[in-house]
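Step one of this worksheet: look at the structure below.
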C-alpha cells in the first residue's frame, strides 16, 4: 500500500479541483435547506464540506494516495461492494490497491446527485459511467455510489461506502 502523503502541489491541485465542486455543493445544499422542515437539517456550508470530502476520496484514488484515503475514513468505516463487506482495515490492507489501479486506468467522474445532511450524519449519492480498458478488459458500466459521512472532531469523515455497478 502506498503510505506516502500527498505533496503540497498535489494538495493544491486537489483544492483547485474542489473549488468548483464547492459551488455546486452550495447550490445543492441551498436546495436541501429550502426543503428543510426542522432543525435537524444542516447548513449549505455543511453540504459543501460533505461534498468536498466525497470528492477528495475520488481524487485521492486517482492520485494513488492511500494515506489521504485513510485520513478520510472513520475507524469503524465499512465498504460494501459486489455483495461483500469489508472493514476499514480490510479495505486499506487489500481492496484499496485495486480501486486505485482502477481509478488510475479509468478516471472517476462522480457527480453528486443528492446530498443530505442531518445533524452529524450525511449521505451523498453519486452516479457515473465507467468506460475504458482495465487489466486488458473493456469496461462499460453504470456506477452508483452511496457514501455515509459523520461529523467528527476533524470534520466530515466517511463511515460507509456502497458501490453498485451495472454493465451497459
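Residue numbers (the numbering used here): -16 to 151. Built from N, CA and C at the ideal position, the CB exists for glycine as well.
Check	Outcome
Reducing DSSP to helix, strand and coil, say where residue 129 ends up.	strand
In this structure, how does DSSP classify residue 82 when only helix, strand and coil are distinguished?	helix
Exposed or buried, what is residue 49 when buried is set at 16 or more other beta-carbons lying within 10 Å of its beta-carbon?	buried
Since residue 95 sits in a beta bridge, which residues does DSSP pair it with?	109
Would you list the residues sitting across from residue 40 in a DSSP beta bridge?	DSSP lists no partner for residue 40.
From residue 34 to residue 118, what distance separates their C-alpha atoms?	30 Å
Answer yes if the segment 121 to 136 comes into contact with the segment 90 to 110, meaning at least three C-beta pairs across the two stretches below 8 Å, and no otherwise.	yes
Over what stretch of residues does the beta strand (DSSP E) that includes residue 63 continue unbroken?	56 to 64
List the residues that DSSP assigns as beta-bridge partners of residue 140.	133
What does the alpha-carbon distance come out to for the pair residue 143 and residue 134?	13 Å
Can you grab the Cα-Cα spacing for the pair residue 88 / residue 51, in whole Å?	19 Å
Among the residues of its own chain, which have a CB less than 6 Å from the CB of residue 56, if the five just before and after it don't count?	71, 141
Rounded C-beta distance between residue 29 and residue 100? I'm assuming under 8 Å.	5 Å
Which value, in whole angstroms, describes the spacing of the CA atoms of residue 162 and residue 137?	This structure does not reach residue 162, given that the chain is present from -16 up to 151, and the question cannot be answered.
Secondary structure at residue 124, three-state DSSP: helix, strand or coil?	strand
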